[in-house]
C-alpha cells in the first residue's frame, strides 16, 4: 500500500511536467494548428540554461528558474519571428519546421554543453516521511510551482481580455480578426508563452535529477499525448491527463518488467491516437480553450 | 538531373504520347549513366563509400518520395521501416546462415509488412494525426530495438560480416562490386516506382491527393490505396535496409530513430516531392555536403536541420522545381510585357 501511494505521488510530479509541456502544445495548436514538436528541445534547453546559471550564481535556484524562463522565451520569440510567422497559413509546413528545429536545437545543446547527461542537486534537500511514504521537499515545491502556473493560466484564459481574445482566435480566426483582435500578435505571444512553460518544465526536470540533450523528443511525445487525451485546447484536460499519464507511467515502472517503460508509454500513445484521435473527453473537437 | 527543364526543350511536334514516354524514361537513363560512369573515372575509396551511402539512402528516400508525392501522405516512421529491413537481413544472414538473396527478399517483405501495418492505421486517422501517429510508432520501434537485447543486441547493436558471399556474381566484400549491386537496386526501384507513377493507379492516387472526397465518390478506395502506397514505400525501405546493413556492417537503433526519419523528409523536400529523382538528389546533397565541408556529426546535424527549415520556408517544392520556377517567372514577365504592348496599341 505504501509503495502504491509512493508511486502515485511520484507520478503526480512527473505528470506536472507533462501538463506544462501539454499546455504549451495545446495553446500553439489551438491558435495556429501547428503541432510544435520542438517544445521538447526547449525543455532540455531550459534545463541546461538553468544548470549554467546555477554554476554562475553559486547555486541560486530562483535565478536559475528565471534565466530558464527568460532564455527559452527569447528562443521562442526568435523562432516565431524568423520561422513560424511564415507558416501561419500552412500548419504542415510549421510542423516540418519544428522537426528541423529539433535537429538544430539538439545539435546546439550538444555543442554548447555536452552530449552526456548532467545532474544537479535539488534546490531543497530532504523529505518528510509519512508512514513509509517519502515526500521529497523538492517534489512538493515543483508540484506547487506547476499548480500555481497552471492555475494562473486557467484564470488568465477565463478572466482577462487577453484570454478572451486568445479563445476567440482559437475558435474562429477570421471572425476574431474582424472583431479587431490582433491575431498575429496573439499567435506570437502564444509561442512565447509555450516556450516559457517549457522553460519552467526544464527547470523542474533539472531539479528532479538528471537531464541529457536527447530526452526532448520523448518528453514532447508524452506532452503531446497528454494534450491529445485531455482534448487539444483544454487547460483542465491537460492537467488531468498529465497527472494520469504520470501515475500510469510510475505504476508501470513499479509493477511491469523494468526497462520497457518507454515501449509501454509510446504504445499507449499509439492506442489513444487510434481509439480517440480527438481526445478522451466529450465533444468531437475536444474541449475549447 | 534536371529532367523538367530537358522536357520543356523537346520539339512540340512530338505527339503527347511520345513526350510522355520520353519523360518517363529520361530520368532513369540519366541515373543509369551517372551510376555507370563512377567505376570508370577512378574514384578513391572514401568517395566510393560516400557514393554507396548516397545510393542506399536515395533508394529509401525514393520510397518515401513516391508515397508523399503521389498520395500526399508523409510519415516519420520511414527510417524505422528501413531499420526493420536492416535488422531482418542482418539476423537471418548471421544467425540462420541464409544467402544474401534470401536475406534481401526477407528484408523487403518485412519492410512492406511493417509499413503496410502502419499505413493501415490511416483507416482511423488521417492527415496531421497520421503523421503524429507514425512519430509515436517510430518511438515504439526504436524503444523495442533498444530493449530487445537478445535479438537486436540492444544499444550495442549488431555486426554483420559479408564474408566471401556474392550475389549476381558480385562480391559483397568488394567495395566497387557492392557499389554496383546498390546501383542495380536503385535502378530497379526507380523503374518500378516510375511504372507505378505512370500506371492508371498512379493517376488514381494523385486524384485522391488533390480531392479525397471526389476520388471516393468516383469509386476509388482511398484508404486501401493509402495502405498499398505504404506497402510500396515499405518494400523499398526494406530493400534499402538490407543494403544498408551490408554497407555499414554494424547497426544500432539510433541509426533508425526519429531523427533519421526527419533526415529522409529533408532529402525528399530538398530534391522535390513529385520528381522521381528528387529524393536521390536530396540523398546526394545530404551525404556529400557535410563530408565536403568536413563537418563534425553534430555540426552537420545543425546544418541539415537549418537547411530543412530554409527549404520548407523558401523553396517548398525542392531544388528540381527551380527550373520550372525560373521558366514560370520568365513567362509571366513576357506575358506582362505583351499585355503592356497590347495596351499601348489600344
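Residue numbers (the numbering used here), protein chains in the order written: chain A, 1 to 289; chain B, 290 to 635. Glycine included, each C-beta is placed from N, C-alpha and C at the ideal position.
Among the options, which residue has its Cα nearest to the Cα of residue i?
i	options	result
residue 311/B	392/B, 483/B, 626/B and 405/B	483/B
residue 41/A	66/A, 265/A and 200/A	200/A
residue 94/A	368/B, 367/B and 417/B	417/B
residue 541/B	572/B, 345/B, 446/B and 390/B	446/B
residue 96/A	12/A, 32/A and 36/A	36/A
residue 470/B	528/B, 400/B, 353/B and 581/B	528/B
residue 382/B	335/B, 538/B and 316/B	538/B
residue 545/B	406/B, 434/B, 359/B and 587/B	434/B
residue 364/B	396/B, 335/B and 403/B	403/B
residue 465/B	595/B, 338/B and 624/B	338/B
residue 17/A	254/A, 247/A, 260/A and 269/A	247/A
residue 427/B	369/B, 309/B and 461/B	369/B
residue 28/A	58/A, 167/A and 152/A	167/A
residue 59/A	165/A, 237/A, 125/A and 155/A	125/A
residue 463/B	391/B, 609/B, 627/B and 328/B	328/B
Less than 9 Å between the beta carbons of residue i and residue j, yes or no?
i	j	result
residue 87/A	residue 216/A	no
residue 440/B	residue 380/B	yes
residue 413/B	residue 228/A	no
residue 241/A	residue 252/A	no
residue 575/B	residue 565/B	no
residue 203/A	residue 112/A	no
residue 605/B	residue 593/B	no
residue 72/A	residue 187/A	no
residue 531/B	residue 323/B	no
residue 207/A	residue 120/A	yes
residue 147/A	residue 135/A	no
residue 611/B	residue 100/A	no
residue 355/B	residue 475/B	no
residue 84/A	residue 160/A	no
Just the C-alpha distance for residue i and residue j, rounded to the nearest angstrom, thanks.
i	j	result
residue 366/B	residue 495/B	22 Å
residue 347/B	residue 108/A	27 Å
residue 76/A	residue 20/A	15 Å
residue 14/A	residue 6/A	13 Å
residue 330/B	residue 459/B	20 Å
residue 552/B	residue 106/A	14 Å
residue 89/A	residue 176/A	16 Å
residue 563/B	residue 266/A	32 Å
residue 326/B	residue 375/B	28 Å
residue 139/A	residue 123/A	10 Å
residue 118/A	residue 205/A	11 Å
residue 211/A	residue 218/A	12 Å
residue 262/A	residue 601/B	31 Å
residue 401/B	residue 81/A	41 Å
residue 523/B	residue 405/B	7 Å
residue 257/A	residue 443/B	16 Å
residue 145/A	residue 65/A	11 Å
residue 52/A	residue 318/B	56 Å
residue 181/A	residue 169/A	8 Å
residue 272/A	residue 421/B	12 Å
residue 407/B	residue 222/A	20 Å
residue 142/A	residue 133/A	18 Å
residue 589/B	residue 424/B	23 Å
Under the DSSP definition of a beta bridge, which residues are partnered with residue i?
i	result
residue 136/A	127/A
residue 291/A	Limits of chain A in this structure are 1 at one end and 289 at the other, which puts residue 291/A out of reach.
residue 448/B	539/B
residue 335/B	Its beta-bridge partners do not exist; DSSP assigns none.
What I want to know is whether the C-beta of residue i ends up closer than 8 Å to one or more non-hydrogen atoms of the ligand GTP.
i	result
residue 419/B	Within the structure as shown, the ligand GTP is missing, as the structure has no ligands at all.
Chain D beta carbons: is any one of them nearer than 9 Å to that of residue i?
i	result
residue 544/B	You won't find chain D in this structure, because its protein chains are A and B.
Handout entry: 4-residue-minimum alpha helix (DSSP H) runs that sit fully inside the stretch 422 to 508 of chain B, ordered along the chain
Key = Runs of the alpha helix (DSSP H) inside the stretch 422 to 508 of chain B: 438 to 441, 464 to 487, 489 to 499 and 501 to 506.
Handout entry: Every unbroken alpha helix (DSSP H) within the stretch 33 to 115 of chain A, with a cutoff of 4 residues, ordered by chain
Key = 39 to 56, 61 to 82 and 91 to 112
Exercise for the section: Pick out the complete alpha helix (DSSP H) segments inside the stretch 351 to 435 of chain B, 4 residues or longer, and give them in chain order. Expected result: 367 to 383 and 389 to 409
Practice task
Run through the stretch 168 to 219 of chain A for me and flag every whole alpha helix (DSSP H) of 4 or more residues, listed as ranges in chain order.
Solution key: 173 to 178 and 183 to 207
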